[in-house]
Every structure is written in structure tokens, then in C-alpha cells.
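Sequences listed follow chains S and V, in order. The working numbering applies: residue 549 is where the first sequence begins, and numbers increase by one. The working numbering applies: residue 549 is where the second sequence begins, and numbers increase by one. Even for Gly, the Cβ is constructed at its ideal location relative to N, Cα and C. First comes the structure, then the notes that go with it.
2 protein chains.
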Amino acid sequence: LPFMDASRMWFVIVLTGIGIGVTGAWLDVLVKWLADFREGHCVHGFFYNQPSCCSGFDAGEICTDWQSWGQYLDIQYILGQSLLHSVVYVALAVVFAGSAAILVQFYAPYAFHTGIPEIKAILGGYVLDAFLSPWTLLIKALGLALAVASGLSLGKEGPLVHVACCMAYLLSGLFKQFRHNEAQKRKLLAAAAAAGVSVAFGSPLGGVLFGLEELDTFANESDVMWRGFVTSVIAAMSLQYIDPFGTAKLVLFQVTSITDTWRAFELVPWLLLAVAGGVLGSLLIKLNVRVALYRRHSALNDWPLLEVVGVSALTAAISYLIVFTRVQTSELVANLFQECDPSKTDYHGLCNPTAMWENVFLLIVTALLKIALTAWTFGMMIPAGIFLPTIAVGASLGRAVGLLTQGLQRAYPGAWVFSSCPPDPTVPCVSPGFYAVIGASAMLAGVTRMTISLVVILFELTGALSHVLPIMISVMTAKWVGDACGKDGIYSVWIAMRKYPWLPPVAYRDKGETAAQVMTPIERLVIIEDGCTLGELDNLTRKYNFHGFPVVRDAELVGYVTRDKLIEFLFAREPATLSTRRCTFSSRRSTAEDNLENLSNLVEEAILQLRKEQPQELVVDMFQKLNLRQILFTHEGRLTGMVTKTDIVALLNLHFPHTAALSELPGRP
Amino acid sequence: LPFMDASRMWFVIVLTGIGIGVTGAWLDVLVKWLADFREGHCVHGFFYNQPSCCSGFDAGEICTDWQSWGQYLDIQYILGQSLLHSVVYVALAVVFAGSAAILVQFYAPYAFHTGIPEIKAILGGYVLDAFLSPWTLLIKALGLALAVASGLSLGKEGPLVHVACCMAYLLSGLFKQFRHNEAQKRKLLAAAAAAGVSVAFGSPLGGVLFGLEELDTFANESDVMWRGFVTSVIAAMSLQYIDPFGTAKLVLFQVTSITDTWRAFELVPWLLLAVAGGVLGSLLIKLNVRVALYRRHSALNDWPLLEVVGVSALTAAISYLIVFTRVQTSELVANLFQECDPSKTDYHGLCNPTAMWENVFLLIVTALLKIALTAWTFGMMIPAGIFLPTIAVGASLGRAVGLLTQGLQRAYPGAWVFSSCPPDPTVPCVSPGFYAVIGASAMLAGVTRMTISLVVILFELTGALSHVLPIMISVMTAKWVGDACGKDGIYSVWIAMRKYPWLPPVAYRDKGETAAQVMTPIERLVIIEDGCTLGELDNLTRKYNFHGFPVVRDAELVGYVTRDKLIEFLFAREPATLSTRRCTFSSRRSTAEDNLENLSNLVEEAILQLRKEQPQELVVDMFQKLNLRQILFTHEGRLTGMVTKTDIVALLNLHFPHTAALSELPGRP
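The following block contains the structure:
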């Protein structure tokens, strides 16, 4: 019944969309509450966060219902108050981060990190069901809220994609149609991943394009793209309906009141920012790899909890000292993106021209600090996304450059470079808030090496077509500079380090090599000879854990048999008979013959066969596009070798020095 | 020098984007001027169109500078004036359409029709350079302006994509890098096609998604997608910069002042519209096929000019009688999308509640008339897009349903279905303008069977996230209903009728068939035997115009040689020697031997070989994803058969009854 199949599919898709929207909203509320708890509490009840506690007051009034911990404990001395506040701030950060780490380490080791590398591998055909278990879903969501609230340098974007995929996996388990069909399941996961991005950024189209560009999922199948779009829109609408911030806005940070036009001279600071984004993005990736390698090969490997506690304490202690880092990262970004508007409160004097140098200095310190902390945090035993900290670094730098440009223009309004500015000095010419957007997009491009999805996500934030061009230029420049400093984005690097079987969708060009250079020749292959004993087969399955084995008769290829099928077959036989009975894989030979077991129905005969003279790039192309697991090579019917997906992955990762450096599974050192 | 290659590529892309934006703007201006010329002229000079002639006047004032033809010739009697107006209206329509047809027929036969089927085929690997010649570019652009101004039932969207591709092709010819690399050229064309849609609808993201969904171009290659996005944005910005309508808006019809919310009961009329869209869309496709077949097999085939003149006269005569069809189609759509607003002029009493029944009747007549006219017009010897007429049909129907719903709600405001409406009767509850949008999206989905790109294009028109859900539902429902009435969209139907080698990106599932069922067995293949005489080769190339021939030695496959290479080789030989000299394709045999020509360097040895037991769906999948031209089948090194792209296209078009019905080239009956 194709109609029932389609209905079930849409049922899962709509439910996943709603589920992710609700989860996203719930996470926001939880994080806000936990984060506010680090500063004080509400006299009406501890379960109110600060805005809902003070909702009855007007903007100008002082909210007395919300008490800081100093007020609550009635400490009179300012020094004592400050001390108490900082101690509570740091202590709760450690408690939150520590609980998240305990949850992850003991209940769901797969809930650590961002999850996007694993999802890329899964969507590429890797089967890793434990990664999508309901337990992982719960721990990742809860741990994420705790980790974000602890003020560590991490974001919720990537983990939210993981949560979305877990949810789709859970819902797909309701129907047999999906349980036993990996391809169908992958299509659902692709749609869910798009919805995760949609909720994380409030950008449904950005979610679809993220799925297309980074997850490489919807290739060649527009119905999958359509499902991803539907899920994204439903998720975004659910989030908007719940409206966790009470602002009727989809996103935490929205760019408001940008000026209509930009001037040509601004391209110079923007290009500088783009170059800085590319360089610093590469630096962040390199630092992150260093830290990951150090963690693996030092005592930290055995004490992940201690590491989380230590880093969160350090992060909280340093963050408390700097005004920009003390608040939640999302709030910082929102303020940096905000243009100066006399009718609104000025966030820490960012709009005060006399405080320019202090602000620039503090912003640059913030950016450098965030780079260092993020490089360490991304990879610890907690759920951690890299998008938001990257945006924060870029926005800080961008705002700093914007302030400098604005200062320059105000100091020399008559200079010829500024001649395109309006002559009236009270009309602002340079918008530092948009510089923060440019900086963020450049930094994101440097770290993730994405292009179109970043532009669309930031376009949906700003909403002005006229400002797409600078964003586009900065993303492209940052990607070029980043690619020159190091070929891979952060997700590809982690995939390579953890050795997931994922093929990057790059166009591979050989230099005249043929498949013969990459294939394992028959001499080094583990093959099954027709006519061997069942005991030999049993040994084979115990000794090697390959996915399967080619079957030959007199060097001529018969087919391919998977290890799972062999084990299943052998399990049903009496152990005593194994060493005497022989097997045949030919359907023509009669089983009536003595001591002959016919295994021909286990064999896949329709396995792809090529000649080893085929060019290497064609072989890579076939693995990339046909989602194959192996190709056998024959010559005049005789097996000459085999190439597996792992060989191709290794071939494409040759340039990266740390491949497989972290290949063991998390939680199992 | 990869850097120089990249620079040239970006140079072409940026220039194409600007070129398309400028062309789009220029076309709009030209069409407006021509169309206004049918009604009157400006006293300051005939080259002003009506808005620029009257630009000095306020909204309320009567513009005396613009004279209708009746005023100009100073005809006093109303009857005489009306007669003159209608005669000029019809006569100029015939003149415009006739000139367009003459241009197309005598100078660029490929400039007829929409062009999208051909572009799909070209992007799928078909080489048809005449279709993209500079001459086609010029005639298509000019003819398009004339055809649109003539008031025929056609739009500029599809032809604009063709124009964009011609422009990219022209610019790519500047560099050797593109001239001799079909794959590189195709990537440029894909980007240009996206930009064409971007300009046609003022929707840069819609352009990218159109490329993804309908043209199936960016699959697996995110850098191509990125280029398409850049081209789209640049084109849209150029258009906005030139601002042909002086409205600072990107699109001709923009949905304004839609209410914030919609009510659940409105889903009932919307679903009705969606079903109607699916049914009428299928009907339009079927009618169009009928007309195309009739045209081919009747006297019309020899008199295309006469057909254009006749249809344009008929269209103009009928259109003049109905108030909604007399104006340009884009203007009609803009007015139908417009919500009623007391501060704006009411377009032909659409907002007048007492005229409801007249309006509903006229709108339905308009929709039916447009369906009939469009079915005939789409395929005549003029440039003609199907998007705009389809939108007009859908918008008319939608507005009619919206008026009816509004009337019902106003008549029974207390009924329980309307309980969600605001109690104050002066506050409008139903927005008929948005019903027109829903109708348009449903009709588009029924005709083109696209999904996500339609939603994005219409989303960029309305801009409200809350209204994406109804558009999504209506598009999906219309597509389902349409698919139930007939499997293919209008572009696929035309591709099949004209027999272009294009593989639909559908997931093909065989019923256990293997490649053996679809391949041409060796007995029926034209093959080259190693050792045949050059005269035999010469005969082969004259007798068959296949792309190439397999080469065998003693039934064993040596390789594949293309016909072009053979012809080139034979051309350089003396005709007299052909019958005596023999050929060898083996590189090992020495050419010193008497009468032996070594052709081994002509042979492609790295041709894809499979066994004929491979499942059919794998073979189809390989053709779809690896962009192959043929696969050879061997068994133990011996050739057993061949499958070409044409075989696979035929296999996938089996269900369509009129395949190849129009397969000859236009202009060459």
C-alpha cells in the first residue's frame, strides 16, 4: 500500500517537526532559567526566570521581585556582595557543567560533542544506531541545557541537529517500514537534520540549504529535499507558536535597523575581516586538533570529568572578569549585532564614542579568549556546538573593526575616502552592528567552510537583499583564505580523526592512476573458496570482522557473501558437523551429494564488477554517487581484487596528518 | 594555473549575473512601452510609456499628456472611439505577435517555446550548441518582448532562463577553458539558469532551488550551487538597482498587507483550490499535448506564421471584451494578489461587496479562457513561457473562491464555522488576495509538478512565515492530485515529445529485470572487428550516425571508438588506399606490418563494463548519477551487449503515449 507508506512517512515528518520545535523552545526556556539562577532568584518562586519574574514592571522601573544572591542573603558590603556573586557564578557553572559531563559519561557517551560529524557519516551510509538511541536523545537535550547554562564556550546548534535526528529515529521506530529499511530511515534523518538547523537559527531555508551543502543529503532526490523543507517549516512554526522569549521573533539575535545602503570604502575593512576570519578559523581548527590529540595522549584521557570541571571553573572565573563574556554568549551576540539606537539602552557603552578604545581592546580580548576556550571546549565530554562561539568571536572582531572605522570616519569626516558619507555629521555613516554580522559570517566560513547555507542563514537574520552581497563576499574570501591555510573544515577534520566511513563530496582527480593502485589485489584478499569446509568458514568469520568476503571457484568469481549471513547460517548448524561438511556456492550442484551444503542463496551475485584498468576517479565517483560498500575487480571472469569504501575514504584523507587519531569510540578508552 | 581558471570563471559568472539583471530590466521597460502603445501615446514623444509620461502628475490629477488613440485622432463619438481602440488593440497585437513569429521562424527557430525542456536536456549532457547561439539570444529577447506585449497568453519566465543561458554561453566562449570543456560549460549554464529564475520572479533563493529541483543541476556539487546563488543574487541586485518600474520592488506582483493570521476553516476552500489546481493543471497539460499533436499533423504544421497571427487576433479580440483580460497578465495578477485597502484604488470593483457575483463569474470565465488560450499558445512559433498564464488562471480561481468565502462569512457572520473571526464586522476576516496566492501556487504545482521552488518563490512574494504552511499544503495537495491524473509535469511531457536524451531523476525500481532485458545484444550491435579494412570503417561511418562503436577482436572487447574520431582519422587518408589497408586496434601489433594502420590511440579502453546479470535499477542509477553515455556488457572479457543513454530514456518514458511525437527539430519539417 504506497498510500499508507506515504501517510506514515508524513506522520513521522510532521511529528518530528513539531517535536523539534517544542524541544528547541523548551531548551531555550530551561537554559534561560538555569543561567539566571547563577545571578539571583525570584521572590515569587525559584522556577521563574528573570524576565518572567519582572514581567509586571515597565522598562524604566526597577524590578524588586528579582533578587541577586547578595540581596537575598542580605549582605551589606559591596566587596562581600561581589565575592558572593562571583563565587556563586563560578560554583554553579562547575555544578552545571559537571552534571552534564556525569550524565554524558555514565549514561550516553555518544551525547558528547556536536554530533554533526557522526550525522554526516550516518547520512553517508554508516550504521551507528547507538548514536541515535532514546537515551542519547534525553541526555543530549538535558546535558545541552546544562552545558549552555554553565557559560562554557559552546553553542546549542550542532547538538540540536543531533537531538532532532534522535527524535526522528525514535519516531521512525514506530513503523516496521522504517525499522528495516536503512535508506528510508536516512531520508527521515536528513529531513530532521534540516529541521534542527531551522530551529537552531530560526531559518527554515537555511536548514534546507545546510542539509544540501554540509550534510550532502538531498543530492539527486528532490522529494527528500521537499520533506526536509516541510519539516523545517513546521519546526520553525512550532517554535514561533510557543514563542519562548515572548518576542514573537524566531531568533535570539536579529539584526535590526541596519541602514539602507553601504559605501564602497567599507569593502576594505570587510575584506580585512574576511581575511582575519579565514586565518583565525584555520587557527581555531588547528588548535582544536592539537588539544584533541593532547587530551587523547595525556592523563586527561582517563579523567574527562575532571577536565570538564576544571575548564568550566576556569572559563567562569575568567568570563566573570570581562564584561562582554560574563553574559550568555547568545546575549552578547545579540548586543553586538544591534545598531546604536538612542531610544534603546546602550549595552555597556558600545555606542559611546568616548569609550571607543576601551571597547575595541575589550572586544579583541574577548575574541582571543573565546578562540582559546572554544578550541579546548569543543571535544570535551559534554554536548557542545561550535557555531555560537564562532559567531561570538567573529562578531566581537567585527564590532571592533566597525568601531574603529566609525571612529576614523568621525575623526576625519572630510577625508576623500569618506566623501560618500552624508555631509550631516549627526546622520550615522558606518553601522558597526553590520560589521559584527560580516565578522561572524567570515569566522563561520573559516571554521566550517560552508558557503551558501551561511549566507542564507545570515540573510534570514538581516533580511535585506542589499546586504547579501557583502556577506557573500566576506564568506567567499574567508573560505578561500581558510582553504589556503588548511584544506578541511572542522567537521571534516573530526570525521577524519575519528575515522568514520564518510566520503567527502569533492571532485577527485587522479593523475592517471587506475583502480589497480587503490585496490587490494587478490593475493592479499580474504576470500572463500567454493568447496571449503564449514569449519573453515567458521574460522574465517571468527578471525576477520570484514563486512563480507568474495566467493571464488577455481579463481573465477562466484559472488559476494556478507559475514552476517554466514554467521547466521553457521549458527544453525551443529558444531560437530562443521569440520566434515563442505560448502558449495553453485546453485547447479545438487545438495544430495555427500557432505555438501548448498549456500548459493546466501551469495549476492549482482555485485558490481569492473576491470582494474578503470581510472581511479571513476571508481571514486561511483563510490560517492552510488553509495556502494565495495567494488570487485575481475578480468575475464577471474577475481583480481577488491576496493572497499574504507580504501576510498583513506585515499581521500591522505593529505590529513591525523587521520584516525581519535578512532576509538567515546567512553571506551 | 587554477587561480586564473577560477578568476575567469568568476568573471563570467559576475558578468552573466549583471547581464541578466540588465536584460530583465530592459525587457520589462520594452514590454511596458509596447503594451502602452496599444492604448495610446505620449504627447512629449512616442518613446515615453504611460507612467513616465504622467510622472509629473499626482495620483488624483488627470494626466492630459497621455492621449488615447481616440483623443489623438480627435474622434468625438464614443462608439467611434471604442471601435478605434479595439481595432488598434487587436491590430497591434497581431503586428507584435507576427513580427515575433517572423523573427523566430526566419532567424532563430530555436528561440520558440519556453526553452526549459531544452535546458534540462543540455544540463543533463545533451550537446545542442545552436540552441545557445548569440543569434538565438537576440531573437529570443526581442521576440519575447514583442510576444508579451502582444497580449498573448504567455509569460516571460521560461524564455528569460533561456536568454540567461545564451548569455552565459556567449560569455564562456571568450575563454578557451570553457570552449572545449562541456562539463565546465554546463556548470556555468546551471548558474545562469538560476539567475534567470531569480530575475523573472525577483526571488534569488527561488532561483537556486529551481535549479536544484527542476533542472536537477547542483546535485552532489555544492560549489556549483554556490555559483548559482552568487549569480542569482547579482542578477537580482542589478535588476533592483536599475529599478525598471520605479517602485524599488523586485517583483511585478507583490503581496501586500496580508493579515497576520489565518483561520482553520479557511483550509477547506484552500484544499478545494488545491484539488482544482491539480485537476486543471493536468487538464492544461493534456490539452496542450492534444494541440501540439494536432498542430504537427494538420495543415498548421506548414503555416506557423498564420497560426500565430490567427491566435493573436483571436486572443486580442476576446481579451478586449473582458475587463480582466484586457490588461497585461502581470498587471492582472498583481491586482488579484492585492488585498482590499480603502486607501488604494479599487481595481474594477473587486472590493465592492455588491458586485460579488459578477466578479466571481468574470473571474471563472477568465480562468477558463486563459486555460484554453494557454494550451494553444504554448508551443506556437514564438517565445512563450507558461508560468505567468498559469499563475493568472490560479489567481483568478483563487480570488473567486476567496470572494465567495468572504461573501459567505459576511452573510452569516454568526455561523459556528466563522466563530474564529473577529466579532467586529468592520474588521476583515477573509483575505481574498491570499486566496489568489493559494490558487496560483496550486495551479503552478499542477502544471509544473515542482514543490519546494514554488513554495520558496511564493514565500519570497508574501514574506510571512505564518503563510508558508497553507502554500505548502496547497502545493503538495495539487501535486498529488495532478500526479494521480497524469504522471508528468509539462516540461517532462515536452522533453518526451521532442525526444531529448534526458533522464528524469526519479528513483527507478525494476521488478527483478536485469540489464540483459534493456541492452542491445551483440547480435544486433554495429561493431568494429579488429582487422577490417579502412573502407569498411568508412562505410560504417557513412551508414550509421551512432555516437560510436565497440571494437572487438575475436569476440573479445578491445574498447570503444567514437564516430567523430574515426571520421577525422579517415578524412586524412587517401581515398584510394581505403579499400586495401586494414586496421588494427591493438597497441602491441607493429605498424611496420604491411597494409596495417594502427588505430589503437583512437580507442577508449577505460569504458565502463558490467555483467549483464546486474539489476536494471543499478544500471539506471548509474546512468542517472554518473552522467554516462553508454555501458558495455561483457562476460569473461567477451562483449555481450551495450546499453546507451537513449535506451534508458526510452525505458523511463515507456508510460508516456506520445514519446517522440514532435521529435524533429523546429523549423525543419
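Residue of S/861, S/946, S/936 and S/585 minimising C-alpha distance to residue 516 of chain S = Only positions 549 to 1217 of chain S appear in this structure, which leaves residue 516 of chain S out of reach.
query = Does DSSP put residue 1015 of chain S in a helix, a strand or coil?
reply = Position 467 of the first sequence, counting from 1, holds the residue named residue 1015 of chain S. Helix at residue 1015 of chain S.
message = What would DSSP say about residue 969 of chain V, mapped onto helix, strand or coil?
response = Numbered from its first residue, the second sequence carries residue 969 of chain V at position 421. Here residue 969 of chain V sits in coil by DSSP.
message = Starting from residue 875 of chain S, trace the beta strand (DSSP E) in both directions and tell me its first and last residue.
response = If you number the first sequence from 1, residue 875 of chain S lands on position 327. No beta strand (DSSP E) holds residue 875 of chain S; DSSP gives it neither H nor E.
task = Could you please give me the residues that DSSP links to residue 1107 of chain V through a beta bridge?
result = Residue mapping note: residue 1107 of chain V aligns to position 559 of the second sequence, counting from 1. DSSP output for residue 1107 of chain V lists V/1099 as bridge partner(s).
message = Any beta carbon from chain V within less than 7 Å of residue 823 of chain S's own beta carbon?
response = The residue labelled residue 823 of chain S in the question sits at position 275 within the first sequence. No, residue 823 of chain S does not count as interfacial toward chain V.
message = Excluding the 5 residues flanking residue 918 of chain V on each side, which residues of the same chain have their C-beta closer than 6 Å to its C-beta?
response = Translated into positions along the second sequence, residue 918 of chain V becomes position 370. Sequence-distant Cβ neighbours of residue 918 of chain V in its own chain, meaning closer than 6 Å and more than five residues away, are 701, 937, 940 and 941.
query = Taking Cβ-Cβ distances shorter than 7 Å, what residues in chain S pair up with residue 781 of chain V?
reply = By 1-based counting over the second sequence, the position of residue 781 of chain V is 233. By Cβ distance, chain S contributes 1016, 1017 and 1020.
query = Closest by CA to residue 990 of chain V, which one among V/824, V/1120 and V/1005?
reply = On the second sequence, residue 990 of chain V is found 442 positions in, with the first residue counted as 1. The option with the nearest alpha carbon to residue 990 of chain V is V/824.
message = I'd like to know whether the C-beta of residue 810 of chain V is nearer than 7 Å to at least one C-beta of chain S.
response = Taking the first residue of the second sequence as 1, we reach residue 810 of chain V at position 262. It does not: the Cβ of residue 810 of chain V has no partner Cβ on chain S nearer than 7 Å.
ask   = Whose C-alpha, out of S/1025, S/1003, S/978 and S/557, is nearest the C-alpha of residue 1016 of chain S?
value = As a working mapping, residue 1016 of chain S is identified with position 468 in the first sequence. Check the Cα spacing between residue 1016 of chain S and each of S/1025, S/1003, S/978 and S/557: the tightest is with S/1003.
message = I want to see whether chain S comes within less than 7 Å of residue 1157 of chain V, judged by CB atoms only; does it?
response = Reading the second sequence from its first residue, position 609 is the one you call residue 1157 of chain V. Using a Cβ-Cβ cut-off of 7 Å, residue 1157 of chain V counts as an interface residue toward chain S, since at least one Cβ of chain S sits closer than that to its own.
request  = Using the DSSP secondary-structure output, state which residues sit across from residue 1146 of chain S in a beta bridge.
outcome  = Position 598 of the first sequence, counted from the start, is the residue given in the question as residue 1146 of chain S. DSSP lists S/1132 as partners of residue 1146 of chain S.
query = Residues of chain S with CB under 7 Å from residue 535 of chain V, in chain order?
reply = Absent from the structure is residue 535 of chain V, since the part of chain V shown begins at 549 and ends at 1217.
6 Å Cβ shell around residue 1022 of chain S - same chain, five flanking residues per side excluded = Locating residue 1022 of chain S in the first sequence gives position 474, counting from the first residue. Once the five neighbours on either side are set aside, the close Cβ partners of residue 1022 of chain S are 818, 822, 986, 989 and 990.
query = Interface residues of chain V around residue 996 of chain S at Cβ under 8 Å?
reply = Here the question's residue 996 of chain S lines up with position 448 in the first sequence. Neighbours of residue 996 of chain S on chain V: none; closest Cβ ~12 Å, over 8 Å.
inquiry  = I'd like to know whether the C-beta of residue 1192 of chain S is nearer than 7 Å to at least one C-beta of chain V.
reply    = Mapped onto the first sequence, residue 1192 of chain S falls at position 644. Residue 1192 of chain S is outside the set of residues whose beta carbon lies under 7 Å from a beta carbon in chain V.
task = Measuring alpha carbon to alpha carbon, tell me which of S/1033, S/1074 and S/1045 ends up nearest residue 828 of chain S.
result = The residue labelled residue 828 of chain S in the question sits at position 280 within the first sequence. Selected option, being the one with the closest Cα: S/1033.
request  = Can you tell me which of V/1092, V/1127, V/1103 and V/897 puts its alpha carbon nearest to the alpha carbon of residue 1110 of chain V?
outcome  = Against the second sequence, residue 1110 of chain V aligns to sequence position 562. Considering only alpha carbons, the answer is V/1092.
ask   = residue 1000 of chain V versus chain S: which residues are under 8 Å apart at the beta carbon?
value = Working through the second sequence from its first residue, we reach residue 1000 of chain V at position 452. The contacting residues are 756, 770, 773, 774 and 777.
query = Can you name the residues that DSSP bridges to residue 1022 of chain V?
reply = As a working note, residue 1022 of chain V is residue 474 in the second sequence. According to DSSP, which records beta bridges pairwise, residue 1022 of chain V is partnered with nothing at all.
request  = Using a Cβ-Cβ cut-off of less than 7 Å, list which residues of the stretch 916–933 of chain S approach chain V; keep chain order.
outcome  = Cβ contacts with chain V come from no residue of the stretch 916–933 of chain S.
message = On the DSSP letters alone, give me the boundaries of the alpha helix (DSSP H) that residue 851 of chain S sits inside.
response = Residue mapping note: residue 851 of chain S aligns to position 303 of the first sequence, counting from 1. For residue 851 of chain S, no alpha helix (DSSP H) run applies, since DSSP gives it neither H nor E.
inquiry  = Pop quiz: residue 583 of chain S and residue 857 of chain S are said to be a contact at Cβ under 8 Å. What is the actual Cβ separation, rounded to whole angstroms?
reply    = As a working mapping, residue 583 of chain S is identified with position 35 in the first sequence. As a working mapping, residue 857 of chain S is identified with position 309 in the first sequence. Not a contact, Cβ separation roughly 19 Å.
task = Evaluate residue 625 of chain V with the Cβ neighbour count: other Cβ atoms within 10 Å of its Cβ, from every protein chain shown; 16 or more gives buried, anything less gives exposed.
result = The residue labelled residue 625 of chain V in the question sits at position 77 within the second sequence. An exposed status is given to residue 625 of chain V, since fewer than 16 other beta-carbon atoms sit within 10 Å of its beta-carbon.
query = Alpha carbon to alpha carbon, how far is residue 815 of chain S from residue 1052 of chain S?
reply = Locating residue 815 of chain S in the first sequence gives position 267, counting from the first residue. Locating residue 1052 of chain S in the first sequence gives position 504, counting from the first residue. Each residue's alpha carbon lies about 33 Å from the other.
query = Would you say residue 753 of chain V faces chain S, with C-beta separation under 7 Å as the test?
reply = In the second sequence, counting from the first residue as 1, residue 753 of chain V sits at position 205. A Cβ of chain S is located within less than 7 Å of the beta carbon of residue 753 of chain V.
ask   = For residue 1184 of chain V, which residues in chain B fall below 8 Å Cβ to Cβ?
value = The structure shown contains no chain B; its protein chains are S and V.
query = At a Cβ threshold of 7 Å, is residue 1113 of chain S touching chain V?
reply = Residue mapping note: residue 1113 of chain S aligns to position 565 of the first sequence, counting from 1. Residue 1113 of chain S is outside the set of residues whose beta carbon lies under 7 Å from a beta carbon in chain V.
key: Complete runs of the beta strand (DSSP E) confined to the stretch 593–647 of chain V [at least 3 residues]   = Complete beta strand (DSSP E) runs here, min 3: 614–616.
task = Throw me the rounded Cβ distance for the residue 1196 of chain V and residue 1171 of chain V pair, which I believe falls under 8 Å.
result = Mapped onto the second sequence, residue 1196 of chain V falls at position 648. Mapped onto the second sequence, residue 1171 of chain V falls at position 623. About 5 Å; that satisfies the 8 Å criterion.
key: Proximity test, Cβ basis, 7 Å: residue 1173 of chain S and chain V   = Taking the first residue of the first sequence as position 1, residue 1173 of chain S is located at position 625. So yes, residue 1173 of chain S belongs to the interface.
ask   = Can you name the residues of chain V whose CB is closer than 8 Å to the CB of residue 1003 of chain S?
value = Here residue 1003 of chain S refers to the residue found at position 455 when the first sequence is read from its first residue. Chain V residues near residue 1003 of chain S: 777.
request  = Return the Cβ separation of residue 738 of chain V and residue 776 of chain V in integer angstroms, given the expectation that the two are a contact with Cβ distance under 8 Å.
outcome  = For this step, residue 738 of chain V is matched to residue 190 along the second sequence. For this step, residue 776 of chain V is matched to residue 228 along the second sequence. Sure, about 6 Å apart at Cβ, within 8 Å.
request  = Report yes or no: do three or more beta-carbon pairs, one from the stretch 1066–1084 of chain V and one from the stretch 1169–1188 of chain V, lie closer than 8 Å?
outcome  = The stretch 1066–1084 of chain V is in contact with the stretch 1169–1188 of chain V.
inquiry  = Let me confirm a value: residue 620 of chain S is counted as buried when at least 16 other C-beta atoms fall within 10 Å, else exposed. Which label applies?
reply    = The count along the first sequence starts at 1 and reaches residue 620 of chain S at position 72. With fewer than 16 other CB atoms across the displayed protein chains lying within 10 angstroms of its CB, residue 620 of chain S is exposed.
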